[in-house]
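Notes follow the structure.
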Amino acid sequence: MKKIISIFCTTLLIASFFFGCNSSIKNSENKSKELVIYSGRKEPLFIPIVKKFEEKTGIKVILHSGETPALANAILEEKTNPKADVFIAGDAGTLEKLNMENVLLPNRSNLIDDLDPKFKAENGSWVSVSARARIIMYNTNLVSQNDLPKSMLDLTDPKWKGQIGIQLSSNESFIAQITAMRHVMGDVATEKYLRDLKSNNPVSLKSSTDIRKAVGSGELKLGMTNHYYYFLEKHEGSPVGIIYPDQDSLGTTINISGAGILKGAKNLENAKLFVDFLLGKEIQKMFAELNYEMPVMEGVEVKEARPMSQIKSIDIKLEELGKELDNTINLMEKVNLP
Amino acid sequence: MKNQKHNNGTQALFRRTWSPFIKFSLLISLFSALPLIYILYQAAGASIESWSKLLKAKIPVLLFNTISLALVTAAIASIIAFTLAWLIIKTDLPFKKTFHWLAAMPLAIPVYIATFTYITILGPAGAIPKLISNILNITVLELKFNFIYSFMGVALIFSFFTYPYIYLLLCNSLKNIDGNLEDASISSGLKLRETFRKVILPLITPSIFSGSLLVIIYVMADFGAISMLRFESFTRVIYLQLIGRYDRASATILSSVLVLFIYIFLWIENYIRTRKTLYTSTNTQKSSKVYKLNKWKIPCLLLVLIIFTFTLFIPMATLIFWSAKGVFSGVLSINFFKYVTDSLLLSLITATVVTLIALPVSFVNTRYKNNLYKVISKLAYTGYALPGIITALGTIFIFNRFLPGLYKTLFCLIAAYVIKLLPQCLQSQENTLLQLSSYYEDTSLTLGYKPWTSLRKVTIPLMKGGIISGWVLVFINVTKELPATLLLRPPGFDTMAVRVWIDASEGIYTSASPIALLLIGMSMLTMKFLMKYK
Chain A
107 MKKIISIFCT
117 TLLIASFFFG
127 CNSSIKNSEN
137 KSKELVIYSG
147 RKEPLFIPIV
157 KKFEEKTGIK
167 VILHSGETPA
177 LANAILEEKT
187 NPKADVFIAG
197 DAGTLEKLNM
207 ENVLLPNRSN
217 LIDDLDPKFK
227 AENGSWVSVS
237 ARARIIMYNT
247 NLVSQNDLPK
257 SMLDLTDPKW
267 KGQIGIQLSS
277 NESFIAQITA
287 MRHVMGDVAT
297 EKYLRDLKSN
307 NPVSLKSSTD
317 IRKAVGSGEL
327 KLGMTNHYYY
337 FLEKHEGSPV
347 GIIYPDQDSL
357 GTTINISGAG
367 ILKGAKNLEN
377 AKLFVDFLLG
387 KEIQKMFAEL
397 NYEMPVMEGV
407 EVKEARPMSQ
417 IKSIDIKLEE
427 LGKELDNTIN
437 LMEKVNLP
Chain B
5 MKNQKHNNGT
15 QALFRRTWSP
25 FIKFSLLISL
35 FSALPLIYIL
45 YQAAGASIES
55 WSKLLKAKIP
65 VLLFNTISLA
75 LVTAAIASII
85 AFTLAWLIIK
95 TDLPFKKTFH
105 WLAAMPLAIP
115 VYIATFTYIT
125 ILGPAGAIPK
135 LISNILNITV
145 LELKFNFIYS
155 FMGVALIFSF
165 FTYPYIYLLL
175 CNSLKNIDGN
185 LEDASISSGL
195 KLRETFRKVI
205 LPLITPSIFS
215 GSLLVIIYVM
225 ADFGAISMLR
235 FESFTRVIYL
245 QLIGRYDRAS
255 ATILSSVLVL
265 FIYIFLWIEN
275 YIRTRKTLYT
285 STNTQKSSKV
295 YKLNKWKIPC
305 LLLVLIIFTF
315 TLFIPMATLI
325 FWSAKGVFSG
335 VLSINFFKYV
345 TDSLLLSLIT
355 ATVVTLIALP
365 VSFVNTRYKN
375 NLYKVISKLA
385 YTGYALPGII
395 TALGTIFIFN
405 RFLPGLYKTL
415 FCLIAAYVIK
425 LLPQCLQSQE
435 NTLLQLSSYY
445 EDTSLTLGYK
455 PWTSLRKVTI
465 PLMKGGIISG
475 WVLVFINVTK
485 ELPATLLLRP
495 PGFDTMAVRV
505 WIDASEGIYT
515 SASPIALLLI
525 GMSMLTMKFL
535 MKYK
């Protein structure tokens, strides 16, 4: 039955021709027209930024979205043959971890020089592009003003049993928060805190979007997450409120989202262009206006969110979040948080 | 003795004639087992500390959760399957043909898609709890409608969409019951209930067990739906280990334990299936009896419709609702067509590659009676027992270790699919080959055909049905596959399944639903084709 074989072969040929075309275009139009981004940010925020970059530069962006730690893992696995040019992470700890593993490329530019040193790696191998605070959001229909928790530590109070949304222990923002708490409270107290939190039966959710929606819809009373999720939920019309925790005591955790260029990036020039682009006024404003984050460049205002200068935060260097990453993960494993 | 000598002779001849085929099959079999072997090797090399930590804290809980969910799901699915199969095959229910179709269709709905529709309808803050709390004038928190995330909720959702595995087998054995046996039993004075217990039940039990074990294995391997339902199962924890931890020891250990248990269930399934042949007689002399429902006709009709409401109407109506909303608000972008064409092209290539690889393997597997070969060739079936997520883990290991240049390319993704889906393709090809005598090839060889020509001109045309249905099976399973694609796809390459997953995770149902509908539509067409073909 020649027919079947020939049909198979033809489909195979045609199909591989299609894919071949794609890849040959990529190659022949050479490095200057393409940029591969691994992004741990949510697509609804990041796609407008990428579109703007494409319009402005004519560079075609291949955006590969996923969870920050998953992409970091992929980058480590692809060490010998990097697939991406730029990595956008939702956490300084993950970026510093990659820096320690020696997969990020030191980088300098005028804009990077202008950035406050506390917001970048010493060698510039990663830079912050926006900042966020850890907060507690609550459903205003379900929690009365006098009842509000004031501290992350209040979440172990049995009155909240089964009514708090938290992230999975693989979430980079959650891990960073625990690293910061270890920094000020020590390992023993932090471990006890995690155990008490766990025995309060929090609901571990897959993503921060799930948390804000669960609080917004009244499925849960409280949620432990990043500040901008409160604003996103509020602007969808949900009855939610925000608590900046521990303002009279320890302070809350401030973390960043940032960018790093990979060693061996195939489109290095475009990658540098993109990192600078993220630090530019226009995009800093987009972070503030589209996603209610805190801009890291001087002179760009927050929108609605509390300015960073007015938030009491735990005094910990961002690098520390990376150096202590594995220890925090081990502690969370020990407590056996989901 | 003489016979055996003769046999040895033909086998030697076979070995000489088909030697390149045999070598190729051995190679493919070994390749298929490579990821699992590498995972076991890594797990064996993990520190005693990580083993004992997991064995003490995580593994017992995970085993209990996963296996109890699988068993309860199988029990519920058996009840649904039996109700439908009995009413549709053994009674005079109207619209039987249509109902038979509808009863098999949930198989075309990937459970992770069905799950997100259920969450938007019956989740704690879904449409129905919202409606009820509005009427009662209370908040959804006070209503506390958490049923969907409870153990029974998860089991029910899984059983709604896996029961067809049992249903299809059950229909077959119910149809094959010899009407004479039933008549004899009734004329010797037994009531219908006793006839059922003493005659019918023993005949259909094997297919219920067989189908239940398929359901059990499905539940143990599922990743997408179980994560959405927040159920602490093996695959969910393995995925978290894979994406969130920087060492692979725990993931390999957990994978090894899960695969071990899947093998145990597979072994039981195999035992029952091979024993089953003792029970059923295929050359029925009188067709299976059909009982009259009389006054029960309307209630039974209602019961069937209620089942279909849960297994088809709710998910489909929800998807259509969200899709309509999405289309009118203009969510369908050019990107939509890119996912669809990328997805289809990938499925097309993979199905063709798997089919071509399977051809020589299935041929040798059915024709070559060498004991050593028989053992090694079983390895080609490894992928059947590997959940997608574990196939991905193994492929990541293998490619990073031996072929780093090809890691995260389409080649690497297709290799994972080959490992995972080759068994399905082999099975359907081998089934047809077993029904063909080797007489035709032998004759063509003695007439002077070269082996290749004989295969091309004689065997392949004869086994066309098996080849096509194998191809279609692989095609549709690539389109639906989630975890391996999620972990191995090249940067910027999204399939329909991946897109549905990402959008549904972010709660953007308006853009997830049109793709989901298209996916289900394709699966349904495929099923229609396969059911007709068989």
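Protein chains in written order, with this note's numbering: chain A, 107 to 444; chain B, 5 to 538. Idealized CB from N, CA, C, for every residue including glycine. Nothing here was measured: the structure is a model prediction, and the numbers come from that model.
Its Cα nearest to that of residue 265/A, the residue 327/A stands out among 339/A, 401/A and 327/A. Taking C-beta atoms as the reference points, residue 491/B and residue 470/B fail to come closer than 8 Å. Residues 185, 186 and 189 of the same chain have their beta carbon placed closer than 7 Å to that of residue 203/B, with the five preceding and five following residues left out of the count. Residue environment for residue 294/B: exposed (fewer than 16 other C-beta atoms within 10 angstroms of its C-beta). The beta carbons of residue 222/B and residue 486/B sit about 13 Å from each other, so the pair does not count as a contact at 8 Å.
Counting only residues of its own chain and dropping the five nearest sequence neighbours on each side, residue 106/B has a CB closer than 6 Å to the CB of 312. According to the DSSP assignment, residue 273/A belongs to the beta strand (DSSP E) that extends over 270 to 273.
For residue 399/B, the enclosing alpha helix (DSSP H) has its first and last residue at 392 to 406. No Cβ-Cβ contact shorter than 8 Å links residue 317/A with residue 199/A. Chain-ordered, the chain B residues with CB closer than 7 Å to the CB of residue 170/A read 495 and 496. Counting other Cβ atoms within 10 Å of its Cβ, residue 144/A reaches 16 or more and is therefore classed as buried. Within chain A, no residue has its beta carbon less than 7 Å from that of residue 427/B; the closest one is some 20 Å off. Nearest C-alpha to residue 347/A among 229/A, 230/A, 322/A and 375/A: 322/A. DSSP assignment within the segment 98 to 124 of chain B yields the following whole alpha helix (DSSP H) runs of 4 residues or more, N-terminal first: 100 to 108. Shown in chain order are the members of the segment 112 to 131 of chain B whose Cβ falls below 7 Å from a Cβ of chain A: 128 and 129.
Counting C-beta pairs closer than 8 Å gives fewer than three between the segment 389 to 397 of chain A and the segment 204 to 224 of chain A, which falls short of the contact rule. With contacts defined as CB atoms closer than 8 Å, residue 349/A and residue 241/A qualify as a contacting pair. For residue 240/A, the enclosing beta strand (DSSP E) begins and ends at 232 to 245. Under the three-state reduction of DSSP output, residue 166/A falls in the strand class. Between residue 349/B and residue 488/B, the alpha-carbon positions lie close to 17 Å from each other. Under a 10 Å Cβ-count criterion, residue 375/B is classified as exposed, with fewer than 16 other Cβ atoms of the shown protein chains found around its own Cβ. Between residue 399/A and residue 237/A, the C-beta gap is smaller than 8 Å, which places the two residues in contact.
Straight through space, the alpha carbons of residue 71/B and residue 81/B are spaced by roughly 15 Å. Cβ atoms of residue 433/B and residue 474/B come within 8 Å of each other, at about 5 Å. For residue 251/B, the closest of 320/A, 330/A, 175/A and 315/A by C-alpha to C-alpha distance is 175/A. Listed in chain order, the alpha helix (DSSP H) runs fully inside the segment 314 to 365 of chain A are 314 to 322 and 333 to 340, counting runs of at least 4 residues.
Chain-order list of chain A residues neighbouring residue 412/B: 180, 183, 184, 187 and 189, by C-beta distance under 9 Å. One Cα belongs to residue 406/B, the other to residue 126/B, and the distance between them is close to 47 Å. The alpha-carbon of residue 445/B is positioned some 15 Å away from that of residue 369/B.
Less than 8 Å divides the Cβ of residue 417/A from the Cβ of residue 358/A. For residue 193/A, the three-state secondary structure derived from DSSP is strand.
Distances from the CA of residue 433/A to each of 275/A, 183/A and 371/A were compared; the closest alpha carbon is that of 275/A. None of the residues of the segment 9 to 32 of chain B has a beta carbon lying less than 7 Å from any beta carbon of chain A. With respect to chain A, the C-beta atom of residue 61/B has a partner C-beta closer than 8 Å. The distance from the Cβ of residue 366/A to that of residue 204/A is about 6 Å, consistent with a contact at the 8 Å cut-off. The C-beta of residue 315/A comes closer than 8 Å to at least one C-beta of chain B.
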